[in-house]
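> In the working numbering, the protein residues as written are 107 to 1008. We put the beta carbon where it would ideally sit given N, CA and C, even for glycine.
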């Protein structure tokens, strides 16, 4: 810590000394002095408008690259950017996918498309997204295991048509909101006075997914108007998008050991099966989802005189993510260890076995689930901004509000149990098989509950529970007020001073409740209008036997059945409920300088954060009690950015900064959720209200050569010296289940603070307009992390860090034709601590996309695109690739879009 502070202070002093030396070595000439004469407010406004008008006249993919390079070239910090190819037209239909083409930025594609991004090897939750410089609340649909009550944004909700420019600040400036370790994404939307009057842009399209074999329309429209005096304008953009997904998956529910295997099974291979690992469960999953998103973004802009400007902007997005998830799984490690008759042991794993119903230990356990989740996600924000352009000072005031909601409203949970017979299983790290003695629809069902039992009787065994109905609502909202002041100066090398204060009041919380629904009469899957999994759904997943072809239930029949039964009482799910109120008060001072070939900024942001966590706990199985916990901390965050223009084409940059990222809101809740009462594998998850924020000293260094228009050759180095970070660890604790009153030893995962980690890496960027219409974008990033072991001696992993990532994007643009190919690959990366304390990794992933367009005439063009042409497999494993956790395919998507402008 001392060394980091010393280095940072030294860097600040070095920067100040450098600019002072530059001032002495290069006295201003008469021409320079004339050029720096203070400008009037009218001149400043005219220059700003001219720059913004110039930015929007750039069209085409090559033009968007030129604009992005200009942003990078002129920035004082280490910045990457993506620009729209035209008004209302973005390079990709998903903003996260566009960002993933930049060096050091990766996305996780578990559900086919990117939803969140990682920057320079850091967790997606540690990289903030700002809309026009302000927080945008985010909601999740409740079914993605990577969903967290974090502080990032789900990009799948954001229509790219509203975006004019996206900047990624990999090195911070004091004026930019804190909270990112890897980088901050700033999304800039368009303003009506920057566009020609009565600008109209739109698109009509259709997309098709080859795995779901379904297609849907998409459309967008943007209209902008302003008066003849260029003082008042209005802009609105509306979007509609729908996508139908069918995801096939083979899943393993973690691993346990063979220590509890009884019955002396016949063993082949290694006889030491007691210490070998065996899958807890093996599942075949069929996931269907309709993603429908509708949004509107509007802006009012008013310049009543040369001194004042008002901007009112608003965004509203409503998404429906309804999904029907069916799965059928066996449970060799969660109830059938005493029914194994034959096993094979290799490399420390029980790789195959036979589970029999003839051992005298009861019916083997296998389950078929049919769960329908209704979910609606909404995001809205409104911001009012006033700029006063005085002759010397510029004052900016902003107030705003943003909120989001999501969750399950409700989720219908239904199960069927295997009635007779056993099964066998086998896997080798690539191929997986399960075969039932009788897997037909007639052999799946539930018995009738005992006569006279009350609705939802929790004293009955699990075999009598048909399912339940579960509600969960997540809320994320923020109110804020901000005041900024800036002034152009002529104090030697210092040319501008910026200062400001900001107040935010943020709340994030979850409410949940559910009930238990028991059977009244015996049921069979045959009663639920059964179908079967689509032919070819599991192609490419190396699955065989009964994993690929099995009976399914009708969604409507499931919902009708659960609603028709006597309903158990709804009870609050206390361990999942929490609310975190966070108040921050910030103040900053930033000094910009330029002298000769040197430029940059030096600043400090002072952060005051108060978190109040409310959650529920129980002691020794008693009633849940509401608990409140408050933490308060203060952090000064200095930053230095230095740019040296070697000549007109070459730039060197250095940045040093202290940064923080706050914990996920759910991690700040101290409740403990218990699992395993039915299976005997007792696990639990807990929060930690005393978590401290991530703290890091960031170093960035880059060398950039802009050797031709739309061309760049650069190398960037980065180090994140993380003094404090958060990891998930597992400990054994004796806990009492309040629903059963039984005390057992649980394997409890919970977040804790760790120290002394480092992420470092290099990015190489090559981009060139080759000629004859051809060009290329390429970048490669190497990153690594070093961490210390925990108290148990286990190595701690930093999530979402791939050692190698590469993007290769050749493109062609000439006359009315344009085409590009996007190829990307990222190496394996850790994602989370999974079931039974397994370290879950995602394997290397390759993506190949294609886009081609033809401009029919001045006002109309057509674009054809294809994503995931390789139909890549998303593969997860526990610690080693030989031990699978999940294997998924989401299919290829093809789309055609007609763009028009009037």
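Just checking my contact of residue 944 with residue 984 at CB under 8 Å: how many whole Å lie between their CB atoms?
Locating residue 944 in the chain shown gives position 838, counting from the first residue. Locating residue 984 in the chain shown gives position 878, counting from the first residue. The Cβ separation is near 4 Å, so the contact holds.
> Going by C-alpha to C-alpha distance, which of 959, 598, 724 and 717 sits closest to residue 737?
Counting from one through the chain shown, the residue named residue 737 turns up at place 631. When only C-alpha atoms are compared, the closest one is 717.
> Can you give the Cα-Cα distance for residue 248 and residue 347, rounded to whole angstroms?
Your numbering for residue 248 matches position 142 in the chain shown. Your numbering for residue 347 matches position 241 in the chain shown. Their backbone Cα atoms lie some 20 Å apart in a straight line.
> Could you check the C-alpha separation between residue 953 and residue 213 for me, to the nearest Å?
The count along the chain shown starts at 1 and reaches residue 953 at position 847. The count along the chain shown starts at 1 and reaches residue 213 at position 107. Residue 953 and residue 213: Cα-Cα distance of roughly 11 Å.
> Report the three-state DSSP secondary structure of residue 535 (helix, strand or coil).
Here residue 535 refers to the residue found at position 429 when the chain shown is read from its first residue. Note: residue 535 maps to coil in three-state DSSP.
> Please confirm if the stretch 373-382 is in contact with the stretch 270-290, defined as three or more CB-CB distances below 8 Å between the two stretches.
no
> Does the beta-carbon of residue 189 have 16 or more other beta-carbons within 10 angstroms, so that it is buried, or is it exposed?
Translated into the one-based positions of the chain shown, residue 189 becomes position 83. Buried, by the Cβ-count rule.
> Can you give me the start and stop residues for the alpha helix (DSSP H) that residue 58 sits inside?
Only positions 107 to 1008 of the chain appear in the structure, and residue 58 is not among them; the question remains open.
> On the three-pair Cβ rule with 8 Å, is the stretch 317-324 touching the stretch 359-369?
no
> Near residue 800, what residues of its chain come up, given a Cβ to Cβ distance below 7 Å and the 5 sequence neighbours on each side ignored?
Here residue 800 refers to the residue found at position 694 when the chain shown is read from its first residue. Here the set comprises 232, 287, 766, 767, 828, 830, 831 and 832.
> For residue 599, which of helix, strand or coil comes out of DSSP?
As a first step, residue 599 is located in the chain shown; it is residue number 493 there, counting from the start. Residue 599 falls in the coil class under three-state DSSP.
> Who are the Cβ neighbours of residue 423 in its own chain at under 6 Å, not counting the five residues just before and after it?
Start at 1 with the first residue of the chain shown, and residue 423 comes out as number 317. Only 263, 401 and 485 meet the Cβ criterion.
> Please say whether residue 578 and residue 513 have beta carbons closer to each other than 7 Å?
For this step, residue 513 is matched to residue 407 along the chain shown. For this step, residue 578 is matched to residue 472 along the chain shown. Yes.
> Quick one: what's got a C-beta closer than 8 Å to residue 318's C-beta in the same chain, skipping five residues either side?
Along the chain shown, one-based indexing puts residue 318 at 212. 350, 351, 352, 394 and 997, listed in sequence order.
> Could you tell me if residue 565 is buried or exposed, where buried requires 16 or more neighbouring beta carbons within 10 angstroms of its beta carbon?
Within the chain shown, residue 565 is the residue found at index 459, counting from 1. Counting Cβ neighbours within 10 Å, residue 565 comes out exposed, since fewer than 16 surround it.
> With a CB to CB cut of under 6 Å and the five nearest residues on each side skipped, what residues in its chain are close to residue 161?
Locating residue 161 in the chain shown gives position 55, counting from the first residue. Caution is warranted here: a pLDDT of 39 is assigned to residue 161, below 50, making its placement in the model unreliable, and no coordinate value can be reported.
> Among 994, 217, 204 and 757, which has the Cα closest to the Cα of residue 644?
The residue given as residue 644 occupies position 538 in the chain shown. For residue 644, the nearest C-alpha among the options comes from 994.
> Any idea if residue 238 is buried or exposed, counting beta-carbon neighbours within 10 angstroms, 16 or more meaning buried?
On the chain shown, position 132 is the one that residue 238 refers to. The Cβ neighbour count for residue 238, taken over all protein chains shown within 10 Å, is at least 16; the residue is labelled buried.
> Determine the DSSP secondary structure at residue 257, reduced to helix, strand or coil.
Position 151 of the chain shown, counting from 1, holds the residue named residue 257. In the structure shown, residue 257 sits in coil (DSSP, three-state: anything other than H, G, I, E or B).
> Measuring CB to CB, does residue 857 end up less than 7 Å from residue 796?
Counted from its first residue, the chain shown places residue 857 at position 751. Counted from its first residue, the chain shown places residue 796 at position 690. Against a cut-off of 7 Å, the Cβ pair of residue 796 and residue 857 comes out as no contact.
> So for residue 287, helix, strand or coil by DSSP?
Counting from one through the chain shown, the residue named residue 287 turns up at place 181. If DSSP states are grouped into helix, strand and coil, residue 287 belongs with coil.
> Indicate whether the contact test is met: 3 or more Cβ pairs, each with one atom in the stretch 515-530 and one in the stretch 590-608, closer than 8 Å.
Using a C-beta cut-off of 8 Å, the stretch 515-530 makes no contact with the stretch 590-608, since fewer than three inter-stretch Cβ pairs fall below that distance.
> Spatial neighbours of residue 690 within its chain, please: C-beta separation below 7 Å, excluding the five flanking residues on both sides.
The residue given as residue 690 occupies position 584 in the chain shown. Excluding its 5 nearest sequence neighbours in each direction, residue 690 has C-beta neighbours in its own chain below 7 Å: 610, 713, 714 and 715, listed in chain order.
> Considering only the beta carbon of each residue, do residue 851 and residue 838 sit closer than 7 Å?
Position 745 of the chain shown, counted from the first residue, corresponds to residue 851. Position 732 of the chain shown, counted from the first residue, corresponds to residue 838. In this structure, residue 838 lies closer than 7 Å to residue 851 by Cβ.
> Can you tell me the Cα-Cα spacing of residue 687 and residue 775, whole angstroms?
For the purposes of this step, residue 687 is identified with residue 581 of the chain shown, where counting begins at 1. For the purposes of this step, residue 775 is identified with residue 669 of the chain shown, where counting begins at 1. So the alpha carbons of these two residues sit roughly 11 Å apart.
> So, for residue 344: in the same chain, excluding its five sequence neighbours on each side, which residues have a beta-carbon less than 6 Å away from its beta-carbon?
Within the chain shown, residue 344 is the residue found at index 238, counting from 1. Around residue 344: 327 and 402.
> Given a cut-off of 7 Å on the beta-carbon distance, is the pair residue 551 and residue 465 in contact?
Here residue 551 refers to the residue found at position 445 of the chain shown. Here residue 465 refers to the residue found at position 359 of the chain shown. Contact: no.
> Can you tell me whether DSSP reads residue 781 as helix, strand or coil?
Position 675 of the chain shown, counting from 1, holds the residue named residue 781. In this structure, residue 781 counts as strand in the three-state DSSP scheme.
> So is residue 157 buried or exposed if we call it buried at 16+ other beta carbons inside 10 Å?
Looking up residue 157 in the chain shown gives position 51. Here residue 157 scores only 44 on pLDDT, less than 50, and its place in the model is too uncertain to base an answer on.
> Could you check which residue in 335, 546 and 604 has the C-alpha nearest to that of residue 501?
Translated into the one-based positions of the chain shown, residue 501 becomes position 395. For the residues 335, 546 and 604, the minimum Cα distance to residue 501 belongs to 604.
> Could you tell me which of 708, 733, 842 and 710 sits nearest to residue 720, measuring between CA atoms?
Taking the first residue of the chain shown as position 1, residue 720 is located at position 614. The shortest Cα separation from residue 720 among 708, 733, 842 and 710 belongs to 733.
> Can you tell me whether residue 725 is buried or exposed, with buried defined as 16 or more other CB within 10 angstroms of its CB?
As a first step, residue 725 must be located in the chain shown, where it is residue number 619. By the neighbour-count rule (16 or more Cβ atoms within 10 Å), residue 725 is not buried but exposed.
> State the start and end residues of the unbroken alpha helix (DSSP H) segment that holds residue 179.
Counted from its first residue, the chain shown places residue 179 at position 73. Looking at the DSSP string, the run of the alpha helix (DSSP H) that includes residue 179 is 166-180.
> DSSP three-state call for residue 569: helix, strand or coil?
Here residue 569 corresponds to residue number 463 of the chain shown, with the count starting at 1. Looking at residue 569 - three-state DSSP - the assignment turns out to be helix.
> If the criterion is Cβ atoms closer than 7 Å, does the pair residue 300 and residue 415 meet it?
Mapped onto the chain shown, residue 300 falls at position 194. Mapped onto the chain shown, residue 415 falls at position 309. The answer is no: Cβ separation not under 7 Å.
> Runs of 3 residues minimum, wholly inside the stretch 675-758: which ones carry the beta strand (DSSP E) assignment?
Complete beta strand (DSSP E) runs here, min 3: 684-701, 704-723 and 731-751.
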